[in-house]
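Read in the working numbering, the sequence shown has 138 at position 138, and its numbers run on one by one without any break. For each residue, glycine too, the CB sits at the ideal point set by N, CA and C. As the structure is a computational prediction, the values presented were derived from the model and not from experiment. Written below as structure tokens is the structure these notes are about.
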Amino acid sequence: MPDIKRKIARHGWAVTAVAGSDHEVPDVAYTTGLTSRALPELIVYGLPFHLSGSLLHDMASQMVAGLALSSGIMIHSATGEEPDIVVIQAVNTSDMVVTGALYSDFTALQLVWPDVDGHFPWEEEYSICVHHQPLMGVGWV
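Below is the structure:
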């Protein structure tokens with residue numbers, strides 16, 4: 001935990017990535033430290049760690065700079081090379097172990113990405129296994 005606290009002190013937040021243990025437990029990455037700035041923490045499932053880390057750092061930087069990120073917002077790709085991301089309120093934050101150890105009370109937003117055809121997990125046409133990107137809140141409609 002001291003390493004996380006140092007990263008938060010230096011950068012304002014830290015990103016923790018946890019490898020899934022099997023097909024039913026996906027990779028997850030999340031922030032810790034945004035709470036101390038009165039901002040929600042961020043979590044994303046199922047992406048390779050280099051992508052999830054980059055996404056979380058980028059979104060955290062934008063939030064610290066003033067971006068008001070909240071449930072129901074779609075973040076469009078700046079380059080068109082990355083998929084659009086939808087933000088939902090994370091109701092279940094149990095996977096955010098480090099954040100929970102540092103903050104007794106915090107809120108979080110889940111960054112949800114689409115399948116290759118642009119469908120999100122709450123859409124009937126979504127083609128990725130539900131275990132790969134679990135929804136920890138209510139899907140955006």
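Buried or exposed (CB count within 10 angstroms, at least 16 for buried), S52: It counts as buried.
Helix, strand or coil at I8 [DSSP, three-state]: Here I8 carries a helix assignment [DSSP, helix/strand/coil].
Distance CB(V112)-CB(V28) smaller than 9 Å: No, the pair does not count as a contact, with Cβ atoms beyond the cut-off.
C-alpha gap between V86 and F120, whole angstroms: If you take the alpha carbons of V86 and F120, they lie about 8 Å apart.
Expected contact under 8 Å - CB spacing of T98 and T16 to nearest Å: The question names Thr, but residue 98 is Val in the sequence shown. Yes, they are in contact, since the Cβ atoms of V98 and T16 sit about 5 Å apart, within 8 Å.
From Y30, H57, C129, M136, residue whose alpha carbon lies closest to that of S71: Answer by Cα proximity: M136.
Supposed contact pair P114 and P83 - C-beta distance, whole angstroms, cut 8 Å: For a cut-off of 8 Å, the C-beta gap from P83 to P114 is around 5 Å, short enough to register as a contact.
Identified DSSP bridge partners for E123: Beta-bridge pairing links E123 to no other residue.
Where H74 falls: helix, strand or coil (DSSP): Per the sequence presented here, residue 74 reads as Met, with His not at that position. Note: M74 maps to strand in three-state DSSP.
Beta strand (DSSP E) runs wholly inside the stretch 84-121, at least 3 long, in chain order: Fully enclosed beta strand (DSSP E) runs of 3 or longer: 85-90, 108-112.
Proximity winner among I4, D117, N92, A101, relative to V138 (alpha-carbon distances): Scanning I4, D117, N92, A101 for the CA closest to the CA of V138 turns up N92.
Buried/exposed call for G33, threshold 16 Cβ in 10 Å: Per the 10 Å Cβ criterion, buried.
Start and end residues, alpha helix (DSSP H) containing V18: No alpha helix (DSSP H) holds V18; the beta strand (DSSP E) holding it covers 14-18.
V130 (DSSP reduced to helix, strand or coil): It is coil, neither helix nor strand.
A14 vs I4 beta-carbon contact at 9 Å: Yes, Cβ-Cβ distance for A14 and I4 is below 9 Å.
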